[in-house]
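Notes for the one structure printed next.
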Amino acid sequence: MDVQQDGQAAEAQADAAETNDTNEASAPQATSAPRATPATDGANGPFPTQSPLDGSALPAVTATSPSEVPALARKAREAQKAWAAKTARERASVIAPVKQRILARAEEIADLVHRECGKPVEEAALAEVLPNADLVEYWTDAIEELLEGTTVELDPLSYPGKIGRIHKAPRGLVGLVTPWNYPVAIPLRTIVPALLAGNAVLFKPSEITPRAGALVASLFEGLLPDGLLALVQGGGDVGAAVVDEADIVVFTGSVATGRRVAMRCAERLIPCSLELGGKDAAIVLADAPIERTANGIVWGAFTNAGQNCASIERVYVDRKIADKLVPRLVELTKKLEPGRDTAVLTTSRQCDIVRRHLAEAEAAGAEVLAGGAPEAGSLAFAPTVVKLDREDTPLLREETFGPILPIVLVDGAEDAITRVNASTFGLTTSVWTRRVGAAHELARRLKTGVVTINNHGFTAAVAAAPWTGTGESGYGITNSPHALGELTRPQFVLEDRNKAARELWWYPYTPVLRKIAFAMARVRGGAGLFGRIAAVFELVSALPKRLLGG
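Oh and the sequence shown: position 238 is 238 in this note's numbering, straight run, nothing missing.
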């Protein structure tokens with residue numbers, strides 16, 4: 001099963017870049033624990049120069065100057081004019097080969113993601129290759145139907161001879177700013193439908209994973225008109241330049257940075273789509289199947305070392321099942337090894353946040369049941385299980401974005417729902433139970449964008465399913481036809497076949513027109529039965545006079 005593909009940096013790290021989330025996951029390693037390395041390279045830009053796996057050198061990347069962005073935007077806009085003039089089927093035929101390119105380069109993609117952001121190769125293949133091939137196939141197959149216009153029915157008495165049609169017009173230039181934790185999957189979830197809808201794209205990947213960003217852009221080389229997909233590399237200053245040039249901004253990252261993006265977009269009067277933080281919960285009811293629940297929660301908490309906005313960062317367990325479930329969670333967690341089964345943390349800054357959350361929870365009385373913080377300087381943070389009672393610690397209130405699974409015992413479903421909904425975040429929640437019907441009822445009461453029953457956090461890999469949140473998780477939508485509501489704008493076109501010299505409501509305003517207006521109000525329900533009948537006779541008498549200029 002593919003891991004959930006949406007991620008972002010922890011809010012505390014958002015100040016590192018004005019418009020890009022730079023606080024995402026770390027990488028796995030096989031033997032010795034990697035050490036934190038500097039996150040910037042003064043020569044070529046704010047890019048890591050060493051792999052978080054083992055400190056080996058990464059290929060050099062040249063930063064884009066913010067002053068270059070306006071010219072790239074102008075070129076993209078020029079290319080977009082001809083691109084938008086193509087039919088949806090023509091655009092789909094151009095982009096369809098990207099699926100085969102992804103599959104043919106599967107090992108290359110997985111290896112690059114493994115080296116640059118530290119996921120196990122298996123996890124990189126399942127999260128960054130296979131679902132992206134499915135994504136291209138879904139959108140290229142469906143786009144023609146999804147962009148089809150709709151007819152607006154018009155009352156023939158009030159609007160004679162008129163036909164209305166709603167078209168989905170491209171926004172123009174989409175500014176895309178993405179994070180580092182799923183550096184191939186997250187960009188493609190916007191690039192593919194945005195291009196198919198007739199837009200151009202100005203794409204800035206995270207400065208933590210610039211090489212993966214370049215790989216994403218290379219998947220379209222030789223297929224698109226020159227300049228239609230423009231790649232820019234750099235930090236917050238480059239991201240700010242993208243925001244200033246776009247017609248809509250699609251941003252995935254931290255809450256703090258997302259607020260700044262939203263404010264700038266508001267100043268420019270352009271829309272933005274924001275996918276921000278998560279503090280996702282799992283609710284385990286008393287009748288949950290122990291083995292499936294334990295395995296699912298452990299994966300949901302520790303895939304990509306918890307560097308996933310949909311990671312399970314809170315587990316509310318019914319007290320009646322705790323004695324059976326908690327020991328099994330601990331047992332499974334202790335079998336996981338950083339670098340082999342889970343990623344190591346991508347950045348030292350992220351590791352510091354996870355350490356702080358754990359330390360403050362322990363100071364508040366939390367009991368560490370498995371794992372614990374690594375030695376100073378190491379990014380290999382072991383999967384950690386913590387049992388606690390208090391929810392006033394950062395571990396249960398802020399996004400941790402790391403491999404810690406906090407367990408809280410609750411008194412049934414009502415208690416769990418109250419605690420889940422008390423969070424400022426609302427991305428995903430999972431419910432674990434044998435009573436599926438009751439789980440559906442419970443799901444409707446949860447203030448989250450996605451609810452999974454007896455599973456967790458993988459549905460961002462399903463191209464047809466909307467991925468969205470509430471509250472501080474943002475209001476953006478990726479995947480599914482709903483995403484086109486952000487990447488297109490409705491354009492209403494009215495065709496008038498009326499041959500009359502004037503419309504009923506045009507000048508001159510006369511007593512006859514006044515009589516017609518009030519008679520129409522009565523006919524439509526502004527009077528009783530006999531009043532409506534009388535009004536019909538008034539209209540029959542007055543309309544010919546109006547048509548003659550009365």
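Think of the CB as a built atom: it goes at the ideal place given N, C-alpha and C, for glycine as much as any other residue.
Residues that residue i bridges to, as DSSP identifies them
i: Gln50; result: Ala57
i: Ile283; result: Tyr316, Val431
i: Phe203; result: Leu176, Leu231
i: Arg259; result: Per DSSP, none; premise fails for Arg259.
i: Phe492; result: Ile166
i: Phe425; result: Gly471
i: Thr452; result: Ser430
i: Pro338; result: Thr342
i: Thr87; result: Answer is none; Thr87 lacks a bridge partner.
i: Val152; result: Gly164
Run of the alpha helix (DSSP H) containing residue i, from where it starts to where it stops
i: Ile353; result: 348-363
i: Phe518; result: 511-521
i: Thr190; result: 185-196
i: Ala465; result: First-last for Ala465: undefined, no H or E at that position.
i: Thr554; result: What is shown of the chain runs 1 to 550, which leaves residue 554 out entirely.
i: Pro394; result: 394-397
i: Pro210; result: 210-218
i: Gly437; result: 436-443
i: Glu221; result: Unbroken run through Glu221: none, as it is neither H nor E.
Spatial neighbours of residue i in its chain, beta-carbon cut-off 7 Å, leaving aside the 5 residues before and after
i: Ala125; result: Ala106, Ala110
i: Thr342; result: Pro28, Phe302, Ala305, Leu336, Pro383, Pro403
i: Ile290; result: Lys324, Leu325, Arg328
i: Leu147; result: Ala88, Lys168, Ala197
i: Ala527; result: Ala535
i: Gly531; result: Arg522
i: Ser541; result: none
i: Gly550; result: Thr510, Val512
i: Thr64; result: Val232, Gln233, Gly234, Val238
Nearest residue (CA-CA) to residue i, options the options
i: Ala517; options: Gly531, Gly528, Ala535; result: Ala535
i: Ala76; options: Ala169, Ser51, Leu195; result: Leu195
i: Arg489; options: Lys545, Ala366, Ala463, Cys272; result: Cys272
i: Leu173; options: Gly164, Leu332, Ile186, Thr190; result: Thr190
i: Leu484; options: Glu331, Val177, His167; result: His167
i: Glu275; options: Thr468, Ile417, Glu153; result: Thr468
i: Pro183; options: Val152, Leu369, Ala463, Ala212; result: Ala212
i: Ala85; options: Ala200, Arg314, Ile270; result: Ala200
i: Val378; options: Phe537, Leu358, Thr347, Pro205; result: Val is not the amino acid found at residue 378; the sequence shown has Ser there. Looking at the Cα atoms, Thr347 is the closest of the given residues.
i: Gln233; options: Thr252, Glu267, Glu68, Val410; result: Glu68
i: Asp54; options: Glu108, Lys119, Gly236, Trp83; result: Lys119
i: Pro170; options: Ala214, Arg91, Leu215; result: Arg91
i: Thr178; options: Gly164, Val249, Leu547; result: Val249
6 Å CB neighbourhood of residue i in its chain, flanking five on each side removed
i: Glu144; result: Ala88, Arg89
i: His114; result: Val121, Ala124
i: Ser32; result: Any answer about Ser32 is weak, because its pLDDT of 35 lies below 50 and its placement is not dependable; what the coordinates show is given next. Closer than 6 Å at the Cβ level, and outside the excluded window around Ser32, lies no residue.
i: Asn498; result: Pro160, Gly161
i: Phe220; result: Leu229
i: Phe492; result: Ile166
i: Lys553; result: This structure leaves residue 553 out entirely; the chain is present only between 1 and 550.
i: Leu409; result: Val317, Arg319, Ala322
i: Ala363; result: none
i: Ala366; result: Val386, Leu388
Delimiting residues of the beta strand (DSSP E) encompassing residue i
i: Lys162; result: 162-170
i: Pro406; result: 404-410
i: Gly372; result: 367-372
i: Thr342; result: Thr342 -> no beta strand (DSSP E), and no H or E assigned at all.
i: Lys387; result: 382-387
Own chain residues within Cβ distance below 8 Å of residue i, not counting five before or after
i: Val136; result: Ile95, Ala96, Val98, Lys99, Ile102, Leu188, Val192
i: Ile477; result: Ser273, Pro466, Trp467, Thr468, Ala483, Gly485, Glu486
i: Gly525; result: Arg532
Residue i (DSSP reduced to helix, strand or coil)
i: Gln174; result: Rather than Gln, the amino acid found at residue 174 in this sequence is Val. Val174 falls in the strand class under three-state DSSP.
i: Arg546; result: helix
i: Pro131; result: helix
i: Glu275; result: strand
i: Phe251; result: strand
i: Glu18; result: Residue placement at Glu18 is flagged as unreliable, the pLDDT there being 35, under the threshold of 50; a coordinate-derived value is accordingly withheld.
i: Thr459; result: helix
i: Thr64; result: coil
i: Ile477; result: strand
i: Ser311; result: coil
i: Ser158; result: coil
i: Pro508; result: coil
i: Ala500; result: coil
i: Ile270; result: coil
i: Arg390; result: coil
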